[in-house]
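K.L.:
Top line first, the protein sequences correspond to chains P, S, X and C.
Heads up, the first sequence is in UniProt numbering, so the first residue is 1 and it goes up one at a time.
Heads up, the second sequence is in UniProt numbering, so the first residue is 1 and it goes up one at a time.
Heads up, the third sequence is in UniProt numbering, so the first residue is 1 and it goes up one at a time.
Heads up, the fourth sequence is in UniProt numbering, so the first residue is 1 and it goes up one at a time.
After the structure tokens below, expect a handful of questions from me.
Protein chains: 4
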Amino acid sequence: MNSILTNDEKKKRKRSTILDAAIKLYSENGFAETKVAEIAKEAGVSFGTVFTYFNSKEELYEAAILEPLEEIKPYFIEIEERFKGEPLEIIKEMIDCHVQLFATRSEYLRLIQQVLARPERFPKLFKELDAFVKSFIDCIYPVIEAGQRLGYFYEESPSLIAESYLSILNGMRLTFIDEYTNMVWKDITRQALRLFGPISNI
Amino acid sequence: MNSILTNDEKKKRKRSTILDAAIKLYSENGFAETKVAEIAKEAGVSFGTVFTYFNSKEELYEAAILEPLEEIKPYFIEIEERFKGEPLEIIKEMIDCHVQLFATRSEYLRLIQQVLARPERFPKLFKELDAFVKSFIDCIYPVIEAGQRLGYFYEESPSLIAESYLSILNGMRLTFIDEYTNMVWKDITRQALRLFGPISNI
Amino acid sequence: MNSILTNDEKKKRKRSTILDAAIKLYSENGFAETKVAEIAKEAGVSFGTVFTYFNSKEELYEAAILEPLEEIKPYFIEIEERFKGEPLEIIKEMIDCHVQLFATRSEYLRLIQQVLARPERFPKLFKELDAFVKSFIDCIYPVIEAGQRLGYFYEESPSLIAESYLSILNGMRLTFIDEYTNMVWKDITRQALRLFGPISNI
Amino acid sequence: MNSILTNDEKKKRKRSTILDAAIKLYSENGFAETKVAEIAKEAGVSFGTVFTYFNSKEELYEAAILEPLEEIKPYFIEIEERFKGEPLEIIKEMIDCHVQLFATRSEYLRLIQQVLARPERFPKLFKELDAFVKSFIDCIYPVIEAGQRLGYFYEESPSLIAESYLSILNGMRLTFIDEYTNMVWKDITRQALRLFGPISNI
DNA sequence: TATGAATGAGGTTTCATTCAT
DNA sequence: GATGAATGAAACCTCATTCAT
Numbered sequence: 001m002n003s004i005l006t007n008d009e010k011k012k013r014k015r016s017t018i019l020d021a022a023i024k025l026y027s028e029n030g031f032a033e034t035k036v037a038e039i040a041k042e043a044g045v046s047f048g049t050v051f052t053y054f055n056s057k058e059e060l061y062e063a064a065i066l067e068p069l070e071e072i073k074p075y076f077i078e079i080e081e082r083f084k085g086e087p088l089e090i091i092k093e094m095i096d097c098h099v100q101l102f103a104t105r106s107e108y109l110r111l112i113q114q115v116l117a118r119p120e121r122f123p124k125l126f127k128e129l130d131a132f133v134k135s136f137i138d139c140i141y142p143v144i145e146a147g148q149r150l151g152y153f154y155e156e157s158p159s160l161i162a163e164s165y166l167s168i169l170n171g172m173r174l175t176f177i178d179e180y181t182n183m184v185w186k187d188i189t190r191q192a193l194r195l196f197g198p199i200s201n202i
Numbered sequence: 001m002n003s004i005l006t007n008d009e010k011k012k013r014k015r016s017t018i019l020d021a022a023i024k025l026y027s028e029n030g031f032a033e034t035k036v037a038e039i040a041k042e043a044g045v046s047f048g049t050v051f052t053y054f055n056s057k058e059e060l061y062e063a064a065i066l067e068p069l070e071e072i073k074p075y076f077i078e079i080e081e082r083f084k085g086e087p088l089e090i091i092k093e094m095i096d097c098h099v100q101l102f103a104t105r106s107e108y109l110r111l112i113q114q115v116l117a118r119p120e121r122f123p124k125l126f127k128e129l130d131a132f133v134k135s136f137i138d139c140i141y142p143v144i145e146a147g148q149r150l151g152y153f154y155e156e157s158p159s160l161i162a163e164s165y166l167s168i169l170n171g172m173r174l175t176f177i178d179e180y181t182n183m184v185w186k187d188i189t190r191q192a193l194r195l196f197g198p199i200s201n202i
Numbered sequence: 001m002n003s004i005l006t007n008d009e010k011k012k013r014k015r016s017t018i019l020d021a022a023i024k025l026y027s028e029n030g031f032a033e034t035k036v037a038e039i040a041k042e043a044g045v046s047f048g049t050v051f052t053y054f055n056s057k058e059e060l061y062e063a064a065i066l067e068p069l070e071e072i073k074p075y076f077i078e079i080e081e082r083f084k085g086e087p088l089e090i091i092k093e094m095i096d097c098h099v100q101l102f103a104t105r106s107e108y109l110r111l112i113q114q115v116l117a118r119p120e121r122f123p124k125l126f127k128e129l130d131a132f133v134k135s136f137i138d139c140i141y142p143v144i145e146a147g148q149r150l151g152y153f154y155e156e157s158p159s160l161i162a163e164s165y166l167s168i169l170n171g172m173r174l175t176f177i178d179e180y181t182n183m184v185w186k187d188i189t190r191q192a193l194r195l196f197g198p199i200s201n202i
Numbered sequence: 001m002n003s004i005l006t007n008d009e010k011k012k013r014k015r016s017t018i019l020d021a022a023i024k025l026y027s028e029n030g031f032a033e034t035k036v037a038e039i040a041k042e043a044g045v046s047f048g049t050v051f052t053y054f055n056s057k058e059e060l061y062e063a064a065i066l067e068p069l070e071e072i073k074p075y076f077i078e079i080e081e082r083f084k085g086e087p088l089e090i091i092k093e094m095i096d097c098h099v100q101l102f103a104t105r106s107e108y109l110r111l112i113q114q115v116l117a118r119p120e121r122f123p124k125l126f127k128e129l130d131a132f133v134k135s136f137i138d139c140i141y142p143v144i145e146a147g148q149r150l151g152y153f154y155e156e157s158p159s160l161i162a163e164s165y166l167s168i169l170n171g172m173r174l175t176f177i178d179e180y181t182n183m184v185w186k187d188i189t190r191q192a193l194r195l196f197g198p199i200s201n202i
């Protein structure tokens with residue numbers, strides 16, 4: 001029954017439908033080549049309605065980047081709260097979690113890359129993402145240091161390690177196009193881990 | 001005579017000026033948000049002249065991707081011809097070469113990423129790049145195998161190693177925005193190398 | 001309420017305003033030399049509105065040809081239903097009707113001629129007109145035959161008579177430029193009739 | 001041998017090649033949809049050369065109309081000098097001559113119709129053609145009068161007869177698209193003649 | 001609140017014409 | 001005289017946004 005929903009809930013739901021359509025289409029076609037009319041169609045609303053919930057195409061793009069970012073943040077900045085054990089264990093679990101996250105939300109990763117590729121075009125969003133990266137590094141820094149002290153990780157600048165890790169996450173989205181299947185992502189995880197320390201197969 | 005250049009040479013030179021302007025602007029602004037008028041201005045020619053040398057905006061984009069690709073190809077598919085020594089040495093030199101290459105041509109790498117991010121939008125170009133990646137893997141495969149036999153490299157699928165290497169190359173372009181300076185790229189090289197085998201600092 | 005008209009009626013009306021403007025300007029200036037902006041201005045709507053109702057300039061041209069054709073058709077293919085009496089009477093009335101029709105809609109006749117003059121440029125429209133001509137001949141054929149049996153008409157191929165009749169209708173639009181006045185068209189009618197049989201003045 | 005030609009002759013010949021190409025293409029595609037480059041190609045010269053012989057596209061169009069007009073004129077204004085015998089004979093021969101003329105030069109007739117259809121667009125050319133029509137009427141007028149006096153022709157305004165004759169000539173170009181073959185044109189001639197007087201078969 | 005017709009700025013592309021070689 | 005590269009005005013068309021219903 002639709003009628004069980006309050007008005008507010010209905011509105012939230014419609015807003016969310018539109019946002020999901022936007023994420024899908026922006027990620028597939030980029031900002032410029034996505035038409036508001038298409039988003040409306042994908043969301044099953046008239047395109048006037050899109051402007052009821054978002055003031056402009058640009059604002060919708062920002063929401064499409066920033067709102068999922070909030071959902072994803074915990075997995076990157078609550079490292080020690082989420083992943084327990086030895087540093088190596090923590091990092092292993094973290095990588096597993098991240099790879100799985102982007103395997104299921106690869107379209108969102110694409111969106112992020114669009115912003116990273118054009119800092120001057122999307123300054124506000126870029127700043128947000130940059131801050132996010134910095135927070136991640138701050139969070140993971142002590143873990144890496146601890147791992148280095150225990151001799152598990154390379155004696156390398158923890159920032160570099162963290163950044164190269166983000167690089168490989170980003171890059172894999174580009175390289176392994178549609179093969180983000182269960183089969184490969186265990187492998188990917190292993191390779192990502194090797195940026196931290198010398199990990200042989202088991 | 002205005003110069004010693006023949007007519008043909010002048011034409012080639014003008015074409016190249018336009019292509020360079022296109023590479024710069026396409027890489028900065030993407031295909032859709034780059035205006036042909038801007039390319040013309042950047043190249044210092046009139047608007048219509050762009051269409052004298054390239055039939056359409058799309059064709060110019062293709063040329064901007066494919067022509068530099070030809071220049072870059074040798075560094076990826078003549079591995080054993082170019083880089084000599086032990087497998088570890090070969091890979092080291094190769095990574096150095098590639099990182100330096102993309103440090104100086106980071107704008108071109110951005111172009112490639114635009115295509116990789118949208119295979120359906122640029123099918124022809126994507127196919128070309130995909131073939132390029134496959135050739136690279138074919139070339140590097142025996143080197144990795146040799147390195148594995150000598151115990152330098154991880155006992156990992158050579159394809160996976162090669163692909164994760166390409167991932168980190170691509171990803172680093174996104175992560176280390178404008179810091180591709182001399183200082184960091186030695187570090188980057190080191191991290192890339194760690195995808196092949198367990199490399200400690202020296 | 002601004003008016004009693006429903007939304008749908010208003011849309012139809014606007015579409016029709018644009019179509020009329022198009023017929024006028026296309027007939028005066030031809031397809032290529034008519035600018036969509038001019039049509040919009042003539043119709044009193046903005047530029048973009050034209051494209052709300054017609055997908056392209058070409059489609060608008062097709063509508064400008066085909067829609068009035070439907071209105072005109074009955075006068076050419078319902079000969080025996082519309083015009084009564086002896087064959088001679090039927091033909092007389094028919095010619096009268098046609099001449100008057102084209103006197104009032106001379107601009108539309110001009111449009112038709114543009115298509116007839118360029119079958120390869122407008123294949124779809126040409127086919128339509130060609131079919132129309134054939135239907136007309138089919139309809140008038142028995143009337144001419146009957147007239148021939150009664151000795152009123154020349155013993156000539158009815159198709160030839162019909163086609164020469166259409167020729168003179170078309171040709172007169174070109175020859176008697178703006179003189180399609182009441183004065184001359186009785187005369188024109190008489191001359192057209194003489195293609196059917198030997199008609200003296202009365 | 002080309003070398004037998006004087007320079008002047010060569011130039012004339014090239015000019016004529018271009019003009020013929022122009023007549024062909026203008027008649028097929030109209031003024032606006034014919035590109036100078038196409039004319040050049042058809043004529044086998046570079047398109048800069050077209051502008052060596054004609055100052056503009058418009059001027060070339062005018063030449064394409066006016067120069068063949070001079071060739072055709074004699075057949076329309078030297079009626080009594082060319083065609084001998086009784087008025088009926090004169091008219092018969094004239095019609096024969098004209099139909100044959102336009103059968104072989106139907107493309108030129110198409111050009112004329114383009115101008116007749118747009119007097120305001122081509123005022124200069126239209127005036128020229130209008131004068132031509134008037135001259136024709138002047139020339140044929142006495143012949144018709146004579147025929148009327150002899151009882152061969154309808155007691156109709158000779159101008160009307162002449163104009164309706166021109167109408168059918170023009171119209172037949174539109175109606176009998178590509179069937180201007182030997183078979184039909186005897187028939188067409190007969191129908192045209194019937195605008196003058198009551199002519200039975202044979 | 002939801003709709004979608006109206007708007008017009010802005011982009012790509014064509015093509016006549018110029019002019020240096 | 002012949003060529004064809006350069007130019008830029010002008011046209012079509014798209015699409016974000018507004019706003020009346």
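Even for Gly, the Cβ is constructed at its ideal location relative to N, Cα and C.
Assuming L69 of chain P and E128 of chain P are in contact, meaning their beta carbons sit under 8 Å apart, how far apart are those beta carbons, in whole angstroms?
P.N.:
Counting from 1 along the first sequence, the entry for residue 69 of chain P is found at position 69. Counting from 1 along the first sequence, the entry for residue 128 of chain P is found at position 128. That pair is a contact at about 7 Å.
K.L.:
Within the same chain, show all residues whose beta-carbon is closer than 7 Å to that of V115 of chain S, passing over the 5 residues directly before and after it, in chain order.
P.N.:
Counting from one through the second sequence, the residue named residue 115 of chain S turns up at place 115. Same-chain partners within the cutoff: I65, F122, L125, F126, L129.
K.L.:
Any beta-carbon of chain C closer than 8 Å to the one on P198 of chain X?
P.N.:
As a working note, residue 198 of chain X is residue 198 in the third sequence. Yes, contact with chain C.
K.L.:
Quick check on E71 of chain S - is its C-beta less than 8 Å from some C-beta in chain P?
P.N.:
Within the second sequence, the letter at position 71 stands for residue 71 of chain S. Chain P, which has no Cβ nearer than 8 Å to the Cβ of E71 of chain S, makes this no.
K.L.:
Any idea what DSSP makes of P198 of chain S, helix, strand or coil?
P.N.:
Position 198 of the second sequence, counted from the start, is the residue given in the question as residue 198 of chain S. In the structure shown, P198 of chain S sits in coil (DSSP, three-state: anything other than H, G, I, E or B).
K.L.:
Once you ignore the five residues that flank residue 214 of chain X on each side, which residues in its own chain have a CB closer than 6 Å to its CB?
P.N.:
An answer regarding residue 214 of chain X cannot be provided, because it is not within the stretch 1 to 202 covered by chain X.
K.L.:
According to DSSP, is G171 of chain C part of a helix, a strand, or is it coil?
P.N.:
Position 171 of the fourth sequence, counted from the first residue, corresponds to residue 171 of chain C. The answer is helix: DSSP assigns G171 of chain C an H, G or I state.
K.L.:
Please name the residue, chosen from C:T17, C:Y61, C:I95, that lies closest to K186 of chain C on a Cα-to-Cα basis.
P.N.:
Stepping through the fourth sequence from its first residue, residue 186 of chain C is reached at position 186. Nearest of C:T17, C:Y61, C:I95 to K186 of chain C, Cα basis: C:I95.
K.L.:
For G30 of chain X, which three-state DSSP category applies?
P.N.:
The residue you call residue 30 of chain X lines up with position 30 of the third sequence. In the structure shown, G30 of chain X sits in coil (DSSP, three-state: anything other than H, G, I, E or B).
K.L.:
According to DSSP, simplified to helix, strand and coil, what is E156 of chain P?
P.N.:
For the purposes of this step, residue 156 of chain P is identified with residue 156 of the first sequence, where counting begins at 1. Of the three classes helix, strand and coil, the one that applies to E156 of chain P here is coil, per DSSP.
K.L.:
Which complete alpha helix (DSSP H) runs does the UniProt DNA-binding region "H-T-H motif" (35 to 54) of chain P hold, if anything under 4 residues is left out?
P.N.:
Listed in chain order, they are 36 to 43, 47 to 53.
K.L.:
Using the Cβ count rule (16 or more neighbours within 10 Å means buried), how would you classify residue 222 of chain C?
P.N.:
Outside the modelled stretch of chain C, which goes from 1 to 202, sits residue 222 of chain C, for which no answer is possible.
K.L.:
Rounded to whole angstroms, what's the CA-CA distance from Y53 of chain S to F47 of chain S? Just pull it up for me.
P.N.:
The sequence position of residue 53 of chain S within the second sequence is 53, counting from 1. The sequence position of residue 47 of chain S within the second sequence is 47, counting from 1. Between Y53 of chain S and F47 of chain S, the C-alpha separation is close to 11 Å.
K.L.:
Note down, in chain order, each residue of its chain lying with its Cβ closer than 8 Å to the Cβ of P87 of chain P, except the 5 sequence neighbours on either side.
P.N.:
Residue numbering aside, residue 87 of chain P sits at position 87 when the first sequence is read from its first letter. Here the set comprises V143, I144, A146, G147, L150, Y152, F153.
K.L.:
Taking 8 Å as the threshold (beta carbon to beta carbon), is T181 of chain X in contact with chain C?
P.N.:
The residue labelled residue 181 of chain X in the question sits at position 181 within the third sequence. Unreliable placement is indicated for T181 of chain X, whose pLDDT of 49 sits below 50; the coordinate value is still reported in the next sentence. It does not; no Cβ of chain C falls within 8 Å.
K.L.:
Only counting the same chain, and skipping five residues up and downstream in sequence, which positions put a Cβ closer than 6 Å to that of F31 of chain P?
P.N.:
Position 31 of the first sequence, counted from the start, is the residue given in the question as residue 31 of chain P. Cβ neighbours of F31 of chain P beyond the five flanking positions: Y61.
K.L.:
For R15 of chain X, which three-state DSSP category applies?
P.N.:
Taking the third sequence and counting its residues from 1, one reaches residue 15 of chain X at position 15. Helix.
K.L.:
By the criterion of Cβ-Cβ separation under 7 Å, what are the contact partners of R110 of chain X in chain C?
P.N.:
Sequence index remark: in the third sequence, residue 110 of chain X carries index 110 (1-based). Those within 7 Å of R110 of chain X in chain C are A117.
K.L.:
Does the distance from the CB of I79 of chain C to the CB of I140 of chain C come in under 8 Å?
P.N.:
Within the fourth sequence, residue 79 of chain C is the residue found at index 79, counting from 1. Within the fourth sequence, residue 140 of chain C is the residue found at index 140, counting from 1. Yes, the Cβ-Cβ distance between I79 of chain C and I140 of chain C is below 8 Å.
K.L.:
In three-state DSSP terms, what is A192 of chain X?
P.N.:
Translated into positions along the third sequence, residue 192 of chain X becomes position 192. In this structure, A192 of chain X counts as helix in the three-state DSSP scheme.
K.L.:
Could you check whether the Cβ of F176 of chain S sits closer than 8 Å to any Cβ belonging to chain P?
P.N.:
Counted from its first residue, the second sequence places residue 176 of chain S at position 176. Closer than 8 Å: yes.
K.L.:
Could you give the first and the last residue of the continuous alpha helix (DSSP H) run that contains S106 of chain P?
P.N.:
By 1-based counting over the first sequence, the position of residue 106 of chain P is 106. It spans 106 to 117 - the alpha helix (DSSP H) in which S106 of chain P sits, taken as one unbroken run.
K.L.:
Would you say D187 of chain C reaches chain X, if we count a Cβ-Cβ gap shorter than 8 Å as a contact?
P.N.:
Within the fourth sequence, residue 187 of chain C is the residue found at index 187, counting from 1. By this cut-off, D187 of chain C is an interface position.
K.L.:
Taking all protein chains shown into account, do 16 or more other C-beta atoms lie within 10 angstroms of the C-beta of G171 of chain P, making it buried, or fewer, making it exposed?
P.N.:
Taking the first sequence and counting its residues from 1, one reaches residue 171 of chain P at position 171. Looking at its Cβ environment, which holds 16 or more other Cβ atoms inside 10 Å, G171 of chain P is buried.
K.L.:
Which value, in whole angstroms, describes the spacing of the CA atoms of F176 of chain X and F196 of chain X?
P.N.:
Counted from its first residue, the third sequence places residue 176 of chain X at position 176. Counted from its first residue, the third sequence places residue 196 of chain X at position 196. One C-alpha to the other measures close to 21 Å.
K.L.:
Is it buried or exposed, R194 of chain S, if we count other Cβ atoms within 10 angstroms and call 16 or more buried?
P.N.:
For the purposes of this step, residue 194 of chain S is taken as residue 194 along the second sequence, with counting starting at 1. The residue is buried, with at least 16 neighbouring Cβ atoms inside 10 Å.
K.L.:
Nearest CA to the CA of E71 of chain S: which residue from S:F83, S:V45, S:V50, S:L109?
P.N.:
Residue numbering aside, residue 71 of chain S sits at position 71 when the second sequence is read from its first letter. Among S:F83, S:V45, S:V50, S:L109, the Cα nearest to that of E71 of chain S is on S:L109.
K.L.:
At the level of alpha carbons, what is the spacing between Y75 of chain S and K57 of chain P?
P.N.:
The residue you call residue 75 of chain S lines up with position 75 of the second sequence. The residue you call residue 57 of chain P lines up with position 57 of the first sequence. Going from the Cα of Y75 of chain S to the Cα of K57 of chain P covers about 42 Å.
K.L.:
Using a Cβ-Cβ cut-off of 8 Å (strictly less than) and excluding sequence neighbours within five positions of I23 of chain S, which residues of its own chain qualify?
P.N.:
In the second sequence, residue 23 of chain S corresponds to position 23, counting from 1. Counting only Cβ-Cβ distances below 8 Å, and skipping sequence neighbours, we find A64, P68, E107, Y108, L111.
K.L.:
Do we get a CB-CB distance below 8 Å when we pair I168 of chain P with the residues of chain S?
P.N.:
The residue labelled residue 168 of chain P in the question sits at position 168 within the first sequence. Closer than 8 Å: yes.
K.L.:
Restricting to Cα atoms, I'd like to know which of X:I77, X:E42, X:T104 is closest to F136 of chain X.
P.N.:
Locating residue 136 of chain X in the third sequence gives position 136, where the first residue counts as 1. Considering only alpha carbons, the answer is X:I77.
K.L.:
I want to verify the contact list: residues of chain P whose CB lies under 8 Å from the CB of R194 of chain S, in sequence order.
P.N.:
Residue mapping note: residue 194 of chain S aligns to position 194 of the second sequence, counting from 1. Those are Y154, R194, L195, P198, listed as they occur along chain P.
K.L.:
Using 8 Å as the limit for Cβ to Cβ distance, is S135 of chain S near chain P?
P.N.:
Taking the second sequence and counting its residues from 1, one reaches residue 135 of chain S at position 135. Answer no: the Cβ-Cβ gap between S135 of chain S and chain P never drops below 8 Å.
K.L.:
Closer than 7 Å by beta-carbon distance: list the chain P residues that pair up with E160 of chain S, in chain order.
P.N.:
Your numbering for residue 160 of chain S matches position 160 in the second sequence. First, the residue type needs correcting, since residue 160 of chain S is Leu and not Glu in the sequence shown. Ordered by position in chain P, the residues that pass the 7 Å Cβ test against L160 of chain S are D187, Q191.
K.L.:
Going by beta carbon distance, what residues of the same chain come within less than 7 Å of F83 of chain P, once the five residues before and after it are set aside?
P.N.:
Within the first sequence, residue 83 of chain P is the residue found at index 83, counting from 1. Within the same chain, F83 of chain P has close Cβ partners I90, E93, M94.
K.L.:
What first and last residue would you give for the alpha helix (DSSP H) that runs through K124 of chain S?
P.N.:
The residue labelled residue 124 of chain S in the question sits at position 124 within the second sequence. Counting along the chain, the alpha helix (DSSP H) containing K124 of chain S begins and ends at 123 to 149.
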